[in-house]
Structure formats: structure tokens, C-alpha cells
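Sequence positions in the sequence shown follow the UniProt record's numbering and run 1 to 175.
Below: the structure, in C-alpha cells.
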Amino acid sequence: MLDGRTPLHVFERGTVTGVRYRDEILEPYVRLSRGAVGPEFILMDDNARPHRALLVDEFLESEDIRWMEWPARSPDLNPIEHVWDALGRAIATRNPPPRTIQEMKTALLNEWDQLPQEMINCLISSMKSRCKPCISVRGDHTPYYPIFLFILQPLFHNFRLQRVLRTIMRVYYNC
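See the structure below:
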């Protein structure tokens with residue numbers, strides 16, 4: 001779904017369990033997204049233990065939500081990992097840095113809202129071109145593509161460099 005994102009959910013204290021994942025993520029966000037997109041909606045997660053809990057599988061089945069089977073240890077394929085990286089980099093540039101949990105939560109929420117939607121759209125659009133090599137090598141190693149270019153491109157004021165980066169993004173990511 002291009003040009004959209006959910007609010008960032010910051011888990012309050014404690015461990016994320018299958019119950020918390022269902023109650024705090026799947027029910028309020030994924031169910032609504034599935035309803036908005038329709039039957040072609042496919043959930044992508046990272047195979048973390050709470051995501052594969054039996055009660056999560058039961059919930060997804062009861063809501064008719066399909067999820068993408070994902071190779072183990074392939075976070076580079078999931079666009080959200082690159083978004084987390086951009087978010088972390090944005091937090092790291094804050095001066096002064098967040099010093100308390102509440103300051104960190106506020107910083108995360110603010111930086112989330114500032115992430116360029118164009119970057120997120122491009123990552124989503126690049127899924128097909130990033131999955132094809134993985135499929136063709138049956139899950140074995142694939143070439144590394146410099147995803148950081150998505151994050152760095154808006155920072156460059158040199159128009160020639162911006163054109164080069166856009167060309168690389170278009171070639172590698174079909175954006």
C-alpha cells in the first residue's frame with residue numbers, strides 16, 4: 001500500500017509475546033489494513049517468535065489474513081528493516097540524544113513522522129526486484145544493493161550526485 005503508513009507503535013514495558021503482538025499490532029493495525037486493501041493483502045513480518053505463536057496463526061486464519069512465508073535470516077528482504085535503520089540513524093543525529101525512556105519514545109514518534117514517504121514507497125516498490133534474485137538462487141546469497149542510498153539521497157545538495165543516486169535507485173530498485 002503506497003502513500004500510507006500506520007502510526008508507530010512503541011511497546012510499553014515488558015516482553016513482546018504472541019498475545020501482545022496480536023492485541024497491540026494485529027488487531028488494531030493489521031486488521032484495519034487488511035480491510036482497507038482487501039483480499040490481496042499479504043502480511044509481512046520477520047518470523048520473530050511472537051509472530052509465529054499458535055494464537056497468532058489462529059488469529060490470522062480467523063481474519064483471513066495471508067502472511068508471506070519468509071526465509072530465515074533474510075532481514076534485508078523486508079522493507080521495514082531499512083525503515084528501522086533510517087529511524088535509528090535519525091535518532092542518532094539528535095543533539096542532545098534522548099536520555100530517558102520517555103524522551104526516546106517521543107523522539108521515535110517524532111522521527112517516524114518525519115521519515116520521507118517517498119523512501120517508504122520506494123522500498124515497497126522494490127520488493128519484486130529484491131525478491132527475484134532470492135528466488136532465482138533458491139534462498140542462497142544474493143548481491144548486495146546499497147539500500148542506504150534511499151536514506152542518503154535527500155541529504156545531498158549536489159544535483160549531479162542526486163541524479164547519480166536516482167539512477168542507481170531506478171536500476172537496482174525500479175523506483
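Beta carbons: idealized from backbone N, C-alpha and C, even for Gly.
To which residues does DSSP link R66 through a beta bridge?
Answer is I42, bridged to R66.
Quick check: what's the CA-CA separation for P39 versus P97?
Using only the alpha carbons, I get a separation of about 43 Å.
Check this for me: beta carbons of P7 and L109, under 9 Å apart or not?
Yes. Within cutoff.
May I ask which residues mark the beginning and end of the alpha helix (DSSP H) holding S136?
S136 -> alpha helix (DSSP H) spans M127 to S136.
On the DSSP letters alone, give me the boundaries of the alpha helix (DSSP H) that T93 sits inside.
First-last for T93: undefined, no H or E at that position.
Which residues in the same chain as F148 place their Cβ atom closer than 7 Å to its Cβ, once the five residues preceding and following it in sequence are excluded?
The pLDDT assigned to F148 is 48, lower than 50, so where the model puts this residue is not dependable, and the model offers no usable value.
Flag this pair as yes or no: are the beta carbons of M44 and W67 separated by less than 9 Å?
Cβ distance < 9 Å, so M44 and W67 count as in contact.
So, do the stretch 85-96 and the stretch 110-125 have three or more beta carbon pairs nearer to each other than 8 Å?
As far as the Cβ criterion goes, the stretch 85-96 touches the stretch 110-125, which means the pair count is three or higher.
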